[in-house]
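Colleague: Sharing a structure here in structure tokens format.
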Amino acid sequence: MRSYKSYNRRSGGKAPLFLLLTALLLLFFLEGRSFFSPGQNLTDEVKQETESSAQPEIIRREDPEGTLEVHFLDVGHGDSTLILCGEYAMMIDCGETSQWKKVQDYLLEQNVTKLDYLVLTHPDKDHIGAAPAVLTKFPVGQIFLSDYKKGSEEEAHLLQTLAEEQINAVRPEVGAAYQLGEAWFTILGPVRRYEESNDCSIALLLHFGENTFLFTGDAEKEAEKDMLENSEKPGLSLKADVYQVGHHGDNSSSKKKFLSAVAPEFAVISCDYRGEKKNPDAKVLERLEEAGAKVFRTDEQGSITALSDGKDITWSCEPSESFAAGGDGEK
170 MRSYKSYNRR SGGKAPLFLL LTALLLLFFL EGRSFFSPGQ NLTDEVKQET
220 ESSAQPEIIR REDPEGTLEV HFLDVGHGDS TLILCGEYAM MIDCGETSQW
270 KKVQDYLLEQ NVTKLDYLVL THPDKDHIGA APAVLTKFPV GQIFLSDYKK
320 GSEEEAHLLQ TLAEEQINAV RPEVGAAYQL GEAWFTILGP VRRYEESNDC
370 SIALLLHFGE NTFLFTGDAE KEAEKDMLEN SEKPGLSLKA DVYQVGHHGD
420 NSSSKKKFLS AVAPEFAVIS CDYRGEKKNP DAKVLERLEE AGAKVFRTDE
470 QGSITALSDG KDITWSCEPS ESFAAGGDGE K
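Here this note's numbering runs 169 ahead of the position in the sequence shown, where the first position is 1.
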């Protein structure tokens, strides 16, 4: 049984020198060109480094101590999620550049002094724009990047900041698992290389005791299909209690078969109904309703927090009851 009771949260070395490859990438961006045209990928050297990195043994506790907090920040049409587990902290995406102060202030309010992981799912500006502001304020242990290169101004700024802060970024491989205190997460995507930036989103499943949270960035139909096929393999299941709805609730994501495999009890949509895209889409809301998911929305409810004790999930607010699509009028 899950509950929606409000709660009060508790009060309260940089990585080795950045890869020569990334420094060269930065140089080319600043000169107005890149090794890769938009849609191309990083070289095999980066991929091989990731594959050859020794992975420590993951501790998978069925009855973990403490709690896991998952904060879905209200950053308008964008994504930014803060995950706290004991003294460990992780962030998935950072929202647009205009959201930099809101993201910084939120981390400070939660007494965050460092991030053990920063996952930037893909290089769209509404996911990486505020990342430089995070990187310059908080030490980051490890940063994961998609290998899709857009050649955008936001991407160039991010690479410049990584070089200046001497942070080594890698692309995680599907199936790789990482510890976050009593929690751990597994990389589910991207399964292969794609033409579109959204399909190249890093996807992961976060575990804490019996509870699971699925994050897929802006992964669309093609990437969802591949993850669905991959989900039959050991350790790559899509089943999740909480699903952060892909691509802000756009109809290009959260297809019926994919949702059936995820079977979420809860769904969180980070969106802005006033934005150009008018998300969430009515068809996605209909599919979520058919799947029986209780829906939370940042456009209606602001920043939303889920608290897990490893068995039950408590929310900072009640689920949305409107099921109103973006652009349906004033909220």
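All residues carry an ideal CB built from backbone N, CA and C; glycine is no exception.
Let me know the beta strand (DSSP E) ranges lying completely inside the stretch 292-324, each 3 residues or longer, listed in chain order.
Modeller: List check, beta strand (DSSP E) in window: 309-314.
Colleague: Can you give me the start and stop residues for the alpha helix (DSSP H) that F427 sits inside?
Modeller: K425 to V431 is the extent of the alpha helix (DSSP H) around F427.
Colleague: Does any CB atom of chain B fall closer than 9 Å to the CB of G235?
Modeller: Looking for chain B here will not work: only one protein chain is present.
Colleague: Can you say whether G461 is buried or exposed, counting buried as having 16 or more other CB atoms within 10 angstroms of its CB?
Modeller: Classification for G461: exposed.
Colleague: I'd like the list of long-range same chain contacts for F198, defined as Cβ closer than 8 Å, with 5 residues on each side in sequence excluded.
Modeller: In this prediction, F198 scores a pLDDT of 40, lower than 50, which makes its location untrustworthy; the coordinate-derived value is nonetheless stated afterwards. Counting only Cβ-Cβ distances below 8 Å, and skipping sequence neighbours, we find G320, E324, A325, L328 and Q329.
Colleague: For T290, count neighbouring C-beta atoms within 10 Å of its own C-beta (all shown protein chains included) and say buried if the count is 16 or more, exposed if not.
Modeller: Counting Cβ neighbours within 10 Å, T290 comes out buried, since at least 16 surround it.
Colleague: Return the first residue and the last residue of the beta strand (DSSP E) that Q413 is part of.
Modeller: Run containing Q413: V411 to Q413, per the beta strand (DSSP E) assignment.
Colleague: Out of A372, I371, S366 and F377, which one is the CA nearest neighbour of A352?
Modeller: Taking only the C-alpha atoms, the option nearest A352 is F377.
Colleague: Go through its chain and collect everything with a Cβ distance to G544's Cβ below 8 Å, but skip five positions before and after it.
Modeller: The structure shown does not extend to residue 544, since the chain is modelled only from 170 through 500, so no value can be given for it.
Colleague: Please go through the same chain and pick out, in chain order, the residues whose beta-carbon is closer than 6 Å to the beta-carbon of A493, but skip the five residues on each side of it.
Modeller: No residues qualify anywhere along the chain.
Colleague: Three-state secondary structure (DSSP) at L476?
Modeller: Of the three classes helix, strand and coil, the one that applies to L476 here is strand, per DSSP.
Colleague: Hey, how far is the Cα of V215 from the Cα of I261?
Modeller: Reliability of the predicted coordinates at V215 is poor, the pLDDT of 39 falling under 50, and no value is obtained from them.
Colleague: Is the Cβ-Cβ distance between L357 and L331 less than 9 Å?
Modeller: Taking 9 Å as the Cβ cut-off, L357 and L331 do not qualify as a contacting pair.
Colleague: For E434, which option in P403, I312 and L457 has the closest C-alpha, if you only look at C-alpha atoms?
Modeller: That would be L457, whose Cα lies nearest to the Cα of E434.
Colleague: Exposed or buried, L277, counting other C-beta atoms within 10 Å across all chains shown (16 or more means buried)?
Modeller: L277 should be labelled exposed.
Colleague: Pick helix, strand or coil for A494, following the three-state DSSP scheme.
Modeller: Three-state DSSP puts A494 in coil, outside helix and strand.
Colleague: Under the rule that 16 or more other beta-carbon atoms within 10 Å means buried, what is G245, buried or exposed?
Modeller: Answer is buried; the Cβ neighbour count reaches 16.
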